[in-house]
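With this note's numbering, the residue at position 96 of the first sequence is 107, and numbering never jumps.
Everything on this sheet refers to the single structure shown next.
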Amino acid sequence: MKLYSAYQALEREVRDAFNRALPGDLAGPGISVEKAPPDRGDLAVNLYRLFRDEDMAVKMANEIAGKIKNSSRYIMDARSEGGYVNIRIEPNLYGKLVWDVVTSMGGTYGFNPHPSPIRIIIEHTSANPVHPLHVGHLRNAILGDALAKVLRARGHTVEVHFYVDDVGLQMAYAAYGYEKVKHVKRDVKPDHYIGLVYAIVNAIVNVRELDGKRRTEEDPARRAEIDRELLDWLWVSKELMERDEELFSILSEATKRENPLARILEINRAYEAGEEWAVKLVREVAGLCIEGFKQTLSRMGISFDKWDWESDVAVWNGLSDEVIRQLKEAGYAHVDRGAIVFEADKLAEDAEIRRKLGIPENFTVTPLTLMRSDGTTLYATRDIAYSLWKFKQGASRVVNVIAAQQSLEQIQVKLALYALGYVKEAENVIHFSYELVTLPGVKMSGRRGRYVSADELIDEAVKRACEELVKRGLEPEENRDVAERVGIGAVKYAMLSISPLRPLSFKWEKILDFERNSGPFIQYAYVRARSILRKAGDLKPGVPEGAFGEEEKKLLLLVSYLPEVVAKAADELKIESLAQYLNELALAFNSYYDKVPILKAEPREKAQARLALVKMVAITLENGMRMLGIDPPHRM
RNA sequence: GGGCCCGUGGCCUAGCUGGAAAGGCGUCGGCCUCCUAAGCCGGAGAUCCCGGGUUCGAAUCCCGGCGGGCCCGCCA
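Following this line, the structure appears as structure tokens:
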């Protein structure tokens, strides 16, 4: 059997030693081995967990520490400290084991297959094709990409999908505007162009509609509310007019000659019905945006296996209609003023269903409209159809990387699958939720054209990386590639190292941090390691008898954790644990680098062993970074 | 109004299947004739939001507050 993790072998060794030392009735798999605090040892076993009584735990710790001291070749020393047994491991034997695993795995080190791997479809990013990707989508894309890579390292078969949301009113808004201005050329990426047009149409239509509403509104409170909204959109209009006067006036004029909203609704209806003129128009607009997305994503090193057009997978094939029909037939949907409503709330009253689907006990579920009275479907309806479609592609689990705002909708989708009789599927739709990226002071809004685009962020990141290169005497022209890797690495790490459940307030200096606990910090440690390996000359890495000492232990242990960290990151969908682990490894390596000579170590065996350690660190850092989607530079 | 998420040194964050409070930024002090100083070493700095409860033991679990974000649409 192939050994993927040296640490796992070590842990088993320690557990066995404990089981031999424990009274027979207490022995078993319950021993959990953890990391000891620095200065107390390498590994620790907490006996409180086993005995639940303070005096007893302390007493047993004393007893066991004495017994296991010489009970395994890997254990150098064991000491009892207040209910814990702190263990020091023997660096040479363990070092040899780690070396064997790391070098035999090489570029695949970290791969740690799950005992029962499955087929997973990850859907991420899925931005509406009506504006460029902004920093919020970037968080989504970076998380989704890393998630896919980590799950693959866990042995799962992963397919990454982008859901092109080409059906819906937002698309019709963009298409409506594009129809009027497509003859006007602008020297920007296509998605930026569409984004501007989309925002202008939104502003014009909203101002027009709100103005109409306020004239007929009798209730003063309600009227004040409308006035506030109107004022907001007037401000937005002013901003957009300043950005592109010509486009704004063309669209403004056009909307005076007709009712834009009626036309937008018509485009939406015709597209959903598959009428040729609408298909041609909408696909052209969406296609332009997608082209822009692909440019941005490819620069980020993020790619997709499939681009699922909502119209294809959920509408024109009749799947959404089928979902509605079956929900009605099953008695979970009713007609309300011409619209069809799914009774998700009633279904959610059943505590057993909640438990099965992992819906929090008190979560308030509301009914869900499936079909408008004009016969068109809604986003959530199509999402139900799409979820079914994903399972039909052979997935046994579906992970949706979607903003936390959509928690209710995701639960409604689950409930609909359940109601349709797809119980297993409902249980296996995972909402990988993440919080928004907020701009201090302003609310990001695609409809208002207010956002920091992903392209701007990447440009700025790369620019700052370039400035750093110049400071270090590296020619920026020759190091374009390094600047790209470092700048983008900084952005990715910033978004991966903190929990996705924490709102991220966007600050340039925080995201473009190049110091400790950053992407570049990890890249730098890697570059230093590579640099030593390059300069090694005749010295070959190896693990001669007795060449590893106390100084090496911390790094050896850290290197050997990678497969464990991968397992945790994949099984618990906690990418941040991998990011933080790499930071810890880089920190430890930098400290080691400063403390001991490597190439000049005496005797030669010591230098060989240290070089071997440097190589292991380089491999570990590189593989870890790749799993996060961070590219390792060759120098910096 | 109901619900979901978050609340840890001045700031940002890890720990949250209960058992030894962990990093970064900032701050104060030190380290480049030696493998890249995007670095390293050291100091100061914490009523783990508040109040109860469960437990031998709570940052972690339960209840009740408070503060912030989000959701409750024939939008997506």
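For each residue, glycine too, the CB sits at the ideal point set by N, CA and C.
As the structure is a prediction and not an experimental result, all values here were calculated from the model.
Counted as a single uninterrupted DSSP element, the beta strand (DSSP E) harbouring Phe353 occupies residues 350-353. The alpha-carbon separation between Leu512 and Lys70 amounts to approximately 42 Å.
Under a 10 Å Cβ-count criterion, His442 is classified as buried, with 16 or more other Cβ atoms of the shown protein chains found around its own Cβ. For Tyr603, the closest alpha carbon among the candidates Pro614, Lys579, Leu569 is that of Leu569.
In the three-state reduction of the DSSP assignment, Thr377 falls in the coil class, being assigned neither a helical nor a strand state. Assigned with DSSP and collapsed to three states, Trp320 falls in strand.
With fewer than 16 other Cβ atoms from the protein chains shown falling within 10 Å of its own Cβ, Ala341 counts as exposed.
Closest by C-alpha distance to Asp394, out of Gln416, Val424, Val412, Phe532, is Val424.
When DSSP states are grouped into helix, strand and coil, Ala89 belongs to the strand group.
The beta carbon of Ala494 lies closer than 7 Å to those of Val473, Ala476, Cys477, Leu480, Pro487 in the same chain, with the five residues before and after it left out.
Ranked by how close their Cα comes to the Cα of Arg26, the residues His194, Ile86, Glu256, Lys518 have Ile86 in first place.
Shown here for Lys617: same chain residues with a beta carbon closer than 7 Å to its own, the five before and five after excluded, namely Ala558 in chain order. Judged by DSSP secondary structure, Asp111 falls within the alpha helix (DSSP H) whose first and last residues are 102-116. His148 sits in a helix when the DSSP states are folded into three classes.
Between the region 409-425 and the region 434-451, the count of Cβ pairs shorter than 8 Å is three or higher; the stretches touch. In the three-state reduction of the DSSP assignment, Phe173 falls in the strand class. Taking a contact to require three or more Cβ pairs closer than 8 Å, the region 365-375 and the region 398-405 do not qualify as touching.
Separation of Arg348 and Ser384 (C-alpha to C-alpha, rounded to the nearest whole angstrom) is 7 Å. In chain order, Met311, Ile313, Val502, Lys503, Met506, Leu507, Gly640 place their CB closer than 8 Å to the CB of Ile153, counting only its own chain and leaving out the 5 sequence neighbours on each side.
Within the same chain, Cβ atoms closer than 6 Å to the Cβ of Lys200 are found at Gly303, the five residues on either side in sequence being excluded.
Following the DSSP letters along the chain, one finds Phe443 inside the beta strand (DSSP E) bounded by residues 440-445. Three or more Cβ pairs closer than 8 Å define a contact, and the region 230-246 falls short of that threshold against the region 190-199. For Lys80, the CB contacts under 6 Å within the same chain, skipping 5 residues up- and downstream, are Ala89 in chain order. Between the alpha carbons of Arg239 and Ala183 lies a gap of roughly 26 Å.
If the five residues before and after Arg234 are omitted, its C-beta is found closer than 7 Å to the C-beta atoms of Arg225, Glu228, all from its own chain and listed in chain order. Looking at Lys626, Lys518, Val346, Tyr120, the one whose alpha-carbon comes closest to that of Pro552 is Lys626. From the listed residues Arg219, Leu242, Leu251, the smallest Cα separation to Tyr209 is found for Leu251. In the three-state reduction of the DSSP assignment, Met455 falls in the coil class.
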